[in-house]
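With positions in the sequence shown counted from 1, the corresponding number in my numbering is that position plus 17. We put the beta carbon where it would ideally sit given N, CA and C, even for glycine. As the structure is a prediction and not an experimental result, all values here were calculated from the model. Working notes for the structure below.
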Amino acid sequence: ACAAGYLGNITATSAYPYFASLCTPVLCPDGTLGVSVPAGCRCPLGFSGTVAGISSPPYYVSTCRPISCPANSFGVNVPTGCTCSAGYAGDVFPEAASPFYTSTCAPVVCPSRSSGTDLPSGCACLPGHRGEVTAPTATPFYNSTCAPVPCPASSTGI
Numbered sequence: 018a019c020a021a022g023y024l025g026n027i028t029a030t031s032a033y034p035y036f037a038s039l040c041t042p043v044l045c046p047d048g049t050l051g052v053s054v055p056a057g058c059r060c061p062l063g064f065s066g067t068v069a070g071i072s073s074p075p076y077y078v079s080t081c082r083p084i085s086c087p088a089n090s091f092g093v094n095v096p097t098g099c100t101c102s103a104g105y106a107g108d109v110f111p112e113a114a115s116p117f118y119t120s121t122c123a124p125v126v127c128p129s130r131s132s133g134t135d136l137p138s139g140c141a142c143l144p145g146h147r148g149e150v151t152a153p154t155a156t157p158f159y160n161s162t163c164a165p166v167p168c169p170a171s172s173t174g175i
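Quick look at the structure:
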C-alpha cells in the first residue's frame, strides 16, 4: 500500500527492484495552503487545525476551522472579518499561529465635556452640560452631544 497522503498502489514484479510503485502525492485539499499532503498542507490565516495524511480515501484528514471573532468584536469569523464592538476602536487581523488572530480592539476614552473612564463603562456629560455620549462602531467611535447649559434668565455666568 502507498504511504499516508499518497494515492495509488504498489505491485510485485519479477524483475529488480521486484515492485512497481504507482503512488502519487495527494494535493492539498481545497481551502488549505501548500502543494501536497506529504509535503505539508496548512490551514489559512485565521483558521485553527491541521491537515494530516491517512492511507484511505480521501488520503487526508483536515480539521481546519475558522476562528470566531474575539472578545470586543463581532462578525461571522476572523477570516471573513471582524469589527470592533461599539465603544471600541482598532482592528482584528488573521494570523497563522495560536490564537490565530491579533486584536487591537481597545476601549475608547470618554470624549471632552464628559466624565467616565471609557465608552464601554459609560460616559456622562459633565455638570453644567447636557446631552449624551453614545458608542457607534465607526470613526470617531463615539457620538457626543454634550454642550454647556445656558445660564437661566436673570443670572450671570458663561
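**Message:** What ranges does the beta strand (DSSP E) occupy inside the region 71-98, keeping only unbroken runs of at least 3 residues that lie completely in it?
**Reply:** 77-79
**Prompt:** Taking all protein chains shown into account, do 16 or more other C-beta atoms lie within 10 angstroms of the C-beta of residue 33, making it buried, or fewer, making it exposed?
**Reply:** Walking along the sequence shown from the start, residue 33 turns up at place 16. Exposed, since its Cβ has fewer than 16 Cβ neighbours within 10 Å.
**Prompt:** Can you tell me where the beta strand (DSSP E) with residue 30 in it begins and where it stops?
**Reply:** Along the sequence shown, one-based indexing puts residue 30 at 13. From DSSP, residue 30 is part of no beta strand (DSSP E); its letter is neither H nor E.
**Close-in-space but distant-in-sequence residues of the same chain around residue 39 (CB under 7 Å, 5 per side omitted)** = Along the sequence shown, one-based indexing puts residue 39 at 22. Cβ neighbours of residue 39 beyond the five flanking positions: 25, 26.
**Message:** Would residue 89 and residue 122 be called neighbours here (beta carbons separated by less than 8 Å)?
**Reply:** Translated into positions along the sequence shown, residue 89 becomes position 72. Translated into positions along the sequence shown, residue 122 becomes position 105. Their beta carbons are under 8 Å apart, which means residue 89 touches residue 122 by this criterion.
**Prompt:** What did DSSP end up calling residue 42 once you bin it into helix, strand or coil?
**Reply:** One-based indexing of the sequence shown puts residue 42 at position 25. It is a strand residue.
**Request:** Kindly indicate which residue of 144, 166, 131, 126 has the alpha-carbon position closest to the one of residue 158.
**Result:** The residue given as residue 158 occupies position 141 in the sequence shown. Checked all of 144, 166, 131, 126; the closest Cα to residue 158 is 126.
**Message:** If you follow the beta strand (DSSP E) that residue 129 is in, where does it begin and where does it stop?
**Reply:** Within the sequence shown, residue 129 is the residue found at index 112, counting from 1. Run containing residue 129: none; DSSP gives neither H nor E here.
**Prompt:** In terms of residue numbering, what span does the beta strand (DSSP E) encompassing residue 120 cover?
**Reply:** Here the question's residue 120 lines up with position 103 in the sequence shown. That run of the beta strand (DSSP E) goes 118-120.
**Message:** Quick check on residue 36: buried or exposed, where buried means 16 or more other Cβ atoms within 10 Å of its Cβ?
**Reply:** Residue 36 sits at position 19 when you count from the first residue of the sequence shown. It counts as exposed.
**Prompt:** Given residue 67, which residues of its chain have a CB within under 6 Å of its CB, disregarding the five upstream and five downstream residues?
**Reply:** Start at 1 with the first residue of the sequence shown, and residue 67 comes out as number 50. Contacts found: 80.
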